[in-house]
Amino acid sequence: MLHPTDFFDLSDEMTAVFFHGCAYVWQAIGQIGTHVTRLTGDGQTILGEVMPGAYLSERPIYIAEGARIEPGAYVHGPAYIGPGAVVRHGAFVRENVILLAGAILGHASEAKNALFLPGAHAPHFNYVGDSILGHRVNLGAGTKLSNLTVMSEKDAVTGKRPSIHLVIDGRTYDTDLAKFGAVLGDDVQTGCNSVLNPGCLIGPRSLVYPNLSLRKGYHPPDSILKLRQNMRRIDRIAR
21 MLHPTDFFDL SDEMTAVFFH GCAYVWQAIG QIGTHVTRLT GDGQTILGEV MPGAYLSERP
81 IYIAEGARIE PGAYVHGPAY IGPGAVVRHG AFVRENVILL AGAILGHASE AKNALFLPGA
141 HAPHFNYVGD SILGHRVNLG AGTKLSNLTV MSEKDAVTGK RPSIHLVIDG RTYDTDLAKF
201 GAVLGDDVQT GCNSVLNPGC LIGPRSLVYP NLSLRKGYHP PDSILKLRQN MRRIDRIAR
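Written out as structure tokens, the structure is:
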């Protein structure tokens, strides 16, 4: 239920490598930085198109053949931008981001410590922090994957934040992650302006309806997650 294979098709070794040794799917989030280093090395490799007006920092960055960085985008890095991936106008690629083949980080969207599997799209006004998007995931405009709880204060002595705990089927799991956004299985879609609170695990092919604030925890495959609300119309009285 919580293993990476319960969320993603890992038949391709190029994808499966990101989850080696992970008993629980969220453990891969803590390994993203290591994989960025593996993919980028110590320098910059620019094989794709960096359009005029795009900005790259001096950190390690790999831009594969067929990838495109559009004007106004900022790639801070370290980051790996795979074949055919697109970083659109106004996007912000922060540290430790992997966009695999055909992935999109779109206009006014931000990613940090995030893994986009092939074909995953965060195309409009999205925040993707400390998260994994499965194959062909699509985030509706304005979807935010929140990665830090509002009560997560640093310990006065250690300076560390508490880790996020999940309660699933009556069992408590310590994720060992102080920052943990969401894991979205293959083919998950979210509606516009939805907010996924820290620690959301969404099984493959599930739909999250617009404007929903989704609580942390496990949401099984093939779920439809709805917000129910009532609308009332009244007559406007002229004065």
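Here the sequence shown is numbered in the working numbering, starting from 21 and rising by one per residue.
All residues carry an ideal CB built from backbone N, CA and C; glycine is no exception.
For clarity, every value in this text was computed on a predicted model and none was experimentally measured.
* So what's Q64 in DSSP terms, helix, strand or just coil? -> Walking along the sequence shown from the start, residue 64 turns up at place 44. Reduced to three states, the DSSP call for Q64 is strand.
* Spatial neighbours of L216 within its chain, please: CB distance less than 6 Å, with the 5 preceding and 5 following residues excluded, ordered by chain position. => By 1-based counting over the sequence shown, the position of residue 216 is 196. For L216, where only same-chain residues beyond five positions count, the Cβ hits under 6 Å are L165, A202, L234.
* Asked: So the alpha helix (DSSP H) A36 belongs to, where does it begin and stop?
  -> As a working note, residue 36 is residue 16 in the sequence shown. A36 -> alpha helix (DSSP H) spans 33-36.
* A105, DSSP secondary structure in three states -> By 1-based counting over the sequence shown, the position of residue 105 is 85. Here A105 sits in coil by DSSP.
* Count the other CB atoms, across all protein chains shown, that sit within 10 Å of the CB of S151; report buried if there are 16 or more and exposed otherwise. => As a working note, residue 151 is residue 131 in the sequence shown. Flag for S151 reads buried.
* Asked: Using the C-alpha atoms, what's the distance from F145 back to S129?
  -> Locating residue 129 in the sequence shown gives position 109, counting from the first residue. Locating residue 145 in the sequence shown gives position 125, counting from the first residue. Spanning the two alpha carbons is a distance of roughly 5 Å.
* **Y147 versus M21, L125, L120, residue with shortest Cα-Cα distance** => Against the sequence shown, residue 147 aligns to sequence position 127. Ranking the options by Cα distance to Y147, first place goes to L125.
* My understanding is that H109 touches P80, with C-beta atoms under 8 Å, so please give their C-beta distance in whole angstroms. => The residue labelled residue 109 in the question sits at position 89 within the sequence shown. The residue labelled residue 80 in the question sits at position 60 within the sequence shown. The distance from the Cβ of H109 to that of P80 is about 24 Å, inconsistent with a contact at the 8 Å cut-off.
* Which partner residues does F112 have in the DSSP bridge list? -> Residue 112 sits at position 92 when you count from the first residue of the sequence shown. According to DSSP, which records beta bridges pairwise, F112 is partnered with Y94, E130.
* Asked: Just the Cα atoms here: how many angstroms apart are P24 and A134?
  -> Taking the sequence shown and counting its residues from 1, one reaches residue 24 at position 4. Taking the sequence shown and counting its residues from 1, one reaches residue 134 at position 114. Going by the C-alpha atoms only, they are around 15 Å apart.
* To do: Look up E69 in the DSSP assignment and give the residues it is bridged to.
  => Here residue 69 corresponds to residue number 49 of the sequence shown, with the count starting at 1. Beta-bridge pairing links E69 to R88.
* Report buried or exposed for G61, applying the criterion of at least 16 other Cβ atoms within 10 angstroms of its Cβ. => As a working mapping, residue 61 is identified with position 41 in the sequence shown. It is exposed - the Cβ of G61 has fewer than 16 other Cβ atoms within 10 Å.
* Asked: What are the partner residues of Q47, as DSSP defines its beta bridges?
  -> Working through the sequence shown from its first residue, we reach residue 47 at position 27. Answer is none; Q47 lacks a bridge partner.
* Asked: When the Cα atoms are used, what is the spatial distance from L137 to R253?
  -> Sequence index remark: in the sequence shown, residue 137 carries index 117 (1-based). Sequence index remark: in the sequence shown, residue 253 carries index 233 (1-based). Approximately 44 Å between the Cα atoms of the pair.
* Do L186 and Q209 have their C-beta atoms within less than 7 Å of each other? -> Sequence index remark: in the sequence shown, residue 186 carries index 166 (1-based). Sequence index remark: in the sequence shown, residue 209 carries index 189 (1-based). Going by beta carbons, L186 and Q209 fall outside the 7 Å limit.
* Residue from G97, A93, Y75 whose Cα sits closest to the Cα of G63 -> Reading the sequence shown from its first residue, position 43 is the one you call residue 63. Of G97, A93, Y75, the residue nearest in Cα terms is G97.
* Would you decide whether H239 is buried or exposed? Buried here means 16 or more other CB atoms lie within 10 Å of its CB. => By 1-based counting over the sequence shown, the position of residue 239 is 219. Buried.
* Along the chain, which unbroken stretches of the beta strand (DSSP E) at least 3 residues long are found entirely within the region 132-175? -> You should have 141-144, 147-153.
* Asked: DSSP state of I81, grouped into three classes?
  -> Your numbering for residue 81 matches position 61 in the sequence shown. Of the three classes helix, strand and coil, the one that applies to I81 here is strand, per DSSP.
* Any C-beta of chain D sitting closer than 7 Å to the C-beta of R191? -> Among the protein chains of the structure shown there is no chain D, as only one such chain exists.
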